[in-house]
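To start, the structure itself, in structure tokens.
Protein chains: 2
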Amino acid sequence: MTRRVAVIGTGLIGASIGLGLRLHAWEVVGWDPSPNALVGADAVGALDHEASSPTDAMVGADLVVLAGPALAIIEQVASLDTPALVIDVAGVKAPIVTAAAPGARFVGTHPMAGREHAGPEHASAGLFRGATWVVTTDEVQEADLVAVENIVHDLGGIPVRMSANRHDTAVATVSHLPQLMALALVETASDDDDAMALAAGGFRDLTRIALSDPTMWADVLVANRLEVGEAVARIAARMDAWVGQLTDTERVRDQIGSAREVRQTLAPPIVAIRVILEDRPGSLAAVGRALSASRADVRDLQLRHGRHGGGGVLTLSVRPGEAEALRHALEDEHFEIV
Amino acid sequence: MTRRVAVIGTGLIGASIGLGLRLHAWEVVGWDPSPNALVGADAVGALDHEASSPTDAMVGADLVVLAGPALAIIEQVASLDTPALVIDVAGVKAPIVTAAAPGARFVGTHPMAGREHAGPEHASAGLFRGATWVVTTDEVQEADLVAVENIVHDLGGIPVRMSANRHDTAVATVSHLPQLMALALVETASDDDDAMALAAGGFRDLTRIALSDPTMWADVLVANRLEVGEAVARIAARMDAWVGQLTDTERVRDQIGSAREVRQTLAPPIVAIRVILEDRPGSLAAVGRALSASRADVRDLQLRHGRHGGGGVLTLSVRPGEAEALRHALEDEHFEIV
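So the sequences go chain by chain: A and B.
Counting with this note's numbering, you get residues 47 to 384 for the letters of the first sequence.
Counting with this note's numbering, you get residues 47 to 384 for the letters of the second sequence.
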């Protein structure tokens, strides 16, 4: 029997879930308050049917996915009236889990994936590949949890169980705080033309997430404002402490070294190999041949171009055990390794 | 006649300069207080000769490159006694330019390039390709400025003239402040295991620079501590203002939108094309063929892997005018564009 899912909110995440579930033989019914978003999701193939209302969409659904902005979801979960399993995908969890109607089969979730571009036209069934996907455990039946975890697996994500409060504290630090820092950093730099002119890799890295969707982020930051406020207070205190000791070079050095060790625990042990990429046809094809020949599994690829076009430096990151074979294969293709 | 350069400090930057200048027929003499760094620079081919002291290195030099930590350079420039043109490459400029001996032909510079890994063994003549390289103009003869700019060009960098004070204020905002933010963010997250477990793309982006060399950064942050302190105060005030208005969703949305517009001015107008990369030999070679066929100039490449190996999503960023041709070429190679 075909399983039926109602996707309420067919933006980037909702439409990507629709695309992914259709690949697993779900029948997908979508609704969005924006006709453009609904038509857009249909256009990319994320939907089997467009519904005329949320209630209409949920008729006969086995699963309901609430994928609108966080503040909309808080209202929706309060009035849930369906026997279906219901999940949401917002970046804040406690205000949503708390608001859920008693008796609803509701599981709060949060896929740690996204992109800088919002809207169903950027949707992709591959969006969640390899992404951590939090599944909150508050007042949930084990069978429903397992069902949600299976859906996450089907979509390519990696489910991680956590309470809603733990999630909100953790993402305040690793997601909402970085977002605020990026926004504040962009604002600070924008007051200084020379600063913007010198904005190099580090600044770009720190502020890339400032390109994300304002509506989604406004809701999440507002919904999690207490945790975000505490995280900002913690980081401000840390930064003050740093500034206060900037006369003691030895101590600063030690403390930078300690932070580096912590950060290193995050980075998988990979080796970066850099090759000079000349501006001629076939250069990247030759890289492809070297990768095939060495059977190396590339974990990351980065290309830095000269400003005036033409070639650049390509960084290939692989596991240490594969580096030597890849180096040889690249040399066989006459690449200069730098 | 062969030109001779003395490189004082043969770590990542000094050795990379040595490698680059040797390609332009300079004779490179190196010295470093660390015998390991000196031998290491020689081992990667950055040097023609190892000197026994800074004085020894500078004998007969046309150019001296001071490439040690900032605090060491401040001492070195105070006692300069050479007719040669002298430059430094530290990330702070006013304390160094101010300390330079009167009468010395000294030009302060700062290549905005580096990597997370320090030491001459990571050196590369390609390190500066396409990188902005600040050349400070304080009390410098035009002829010396031009000579330095030519050297920067030879090394692949893009020279940008600026006063030392303007440089220090600008990098406090776009380089030193991000560094401190990354360090403080890592420390804050490290207190929370769940936070570290949920650390996704945004957090990794913001904290990658926390992997950089502690000695170099300690010196730079200490030497520029007044500007850094002011930058921290500015960002703390901005973040407080953000937290204070996190009850007003509309306003937060507008302000995120404004910051996004500023950040968009930094990003070159590029289009990201995502393809599903299957785990089979020749996949990347096929990407290379599509790139050759479309003649698209790739500005950025990123590969995100599934956790369990095997394929992933490859993002190719190109100029808008080239996107359509690349999409067609990728489809001709049977790639799924997502």
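Glycine included, C-beta positions come from ideal geometry on N, C-alpha and C.
- The region 162–172 of chain A and the region 132–146 of chain A do not touch, with fewer than 3 CB-CB distances between them shorter than 8 angstroms.
- The residue among A:266, A:241 and A:231 with its C-alpha nearest the C-alpha of residue 254 (chain A) is A:231.
- The three-state reading of DSSP puts residue 96 (chain B) in strand, counting E and B together.
- In the DSSP assignment, residue 335 (chain B) falls outside any beta strand (DSSP E) and within the unbroken alpha helix (DSSP H) covering 329–340.
- Out of B:274, B:308 and B:292, the CA that lies nearest to the CA of residue 292 (chain A) is found in B:274.
- Across the region 249–263 of chain A, CB contacts with chain B closer than 9 angstroms involve 249, 250, 251, 252, 253, 254, 255, 256, 257, 258, 259, 260, 261 and 263, in sequence order along the chain.
- Nearest neighbour of residue 302 (chain B) by Cα position, chosen from A:381, A:228, A:94 and A:200, turns out to be A:228.
- In this structure, residue 217 (chain A) sits away from residue 114 (chain A), with a CB-CB distance that is not shorter than 8 angstroms.
- Residue-level contact check: residue 271 (chain A) touches chain B, since one or more beta carbons of chain B fall below 8 angstroms from its beta carbon.
- A residue is called buried once 16 or more other Cβ atoms fall within 10 Å of its Cβ, and residue 215 (chain A) is buried on that count.
- Excluding the 5 residues flanking it on each side, residue 65 (chain A) has same chain C-beta neighbours closer than 8 angstroms at 90, 91, 92, 169, 170 and 171, in chain order.
- Between residue 75 (chain B) and residue 50 (chain B) the beta-carbon gap is near 7 angstroms, inside 8 angstroms, which marks them as a contact.
- Residue 71 (chain B) sits in coil when the DSSP states are folded into three classes, being neither helix nor strand.
- Residue pairing of residue 375 (chain A) in beta bridges, as defined by DSSP: absent, with no partner found.
- Looking at the DSSP output, residue 134 (chain B) bridges to B:112 and B:154.
- For the C-beta of residue 322 (chain B), the chain A residues within less than 7 angstroms are, from N- to C-terminus, 172.
- Interface residue (Cβ-Cβ distance to chain A less than 8 angstroms): residue 107 (chain B) is not classified as such.
- Spanning the alpha carbons of residue 376 (chain A) and residue 329 (chain B) requires a straight line of approximately 16 angstroms.
- If you draw a straight line from the Cα of residue 205 (chain A) to the Cα of residue 176 (chain B), it is about 41 angstroms long.
- Between residue 165 (chain B) and residue 134 (chain B), the C-beta spacing is not below 8 angstroms.
- With its beta carbon less than 8 angstroms from one in chain A, residue 217 (chain B) belongs to the interface.
- By the Cβ criterion, the region 277–287 of chain A is in contact with the region 276–283 of chain B, since at least three pairs of Cβ atoms, one from each stretch, lie closer than 8 angstroms.
- Residues of the region 211–236 of chain B with a C-beta atom less than 8 angstroms from some C-beta of chain A are 212, 213, 215, 216, 217, 219, 220, 221, 223, 224, 225, 226, 227, 228, 229, 230, 231, 232, 233, 234, 235 and 236, listed in chain order.
- Taking the Cα of residue 269 (chain B) as reference, the smallest distance to any Cα among B:132, B:311, B:119 and B:333 is reached at B:119.
- Take the alpha-carbon of residue 290 (chain A) and the one of residue 278 (chain B): they are about 11 angstroms apart.
- The beta-bridge partner set that DSSP reports for residue 181 (chain A) consists of A:155 and A:207.
- Listed by position along chain A, the residues whose Cβ is nearer than 7 angstroms to that of residue 274 (chain B) are 289 and 292.
- Residue 222 (chain B) counts as buried, since at least 16 other C-beta atoms from the protein chains shown sit within 10 angstroms of its C-beta.
- Residues 177 and 178 of the same chain have their beta carbon placed closer than 6 angstroms to that of residue 158 (chain B), with the five preceding and five following residues left out of the count.
- For a Cβ distance threshold of 9 angstroms, nothing in chain A lies close to residue 184 (chain B): the least Cβ distance comes to about 15 angstroms.
- Counting the other Cβ atoms within 10 Å of the Cβ of residue 71 (chain A) gives fewer than 16, which makes it exposed.
- Think of a sphere of 8 angstroms around the beta carbon of residue 282 (chain A): the chain B residues whose beta carbon falls inside it are 282, 285 and 286, in chain order.
- Within chain A, no C-beta atom comes less than 9 angstroms from the C-beta of residue 55 (chain B); the nearest is roughly 16 angstroms away.
- Rounded to the nearest angstrom, the gap between the Cα atoms of residue 131 (chain A) and residue 265 (chain A) is 24 angstroms.
- Under DSSP, residue 76 (chain A) shares a beta bridge with A:53 and A:96.
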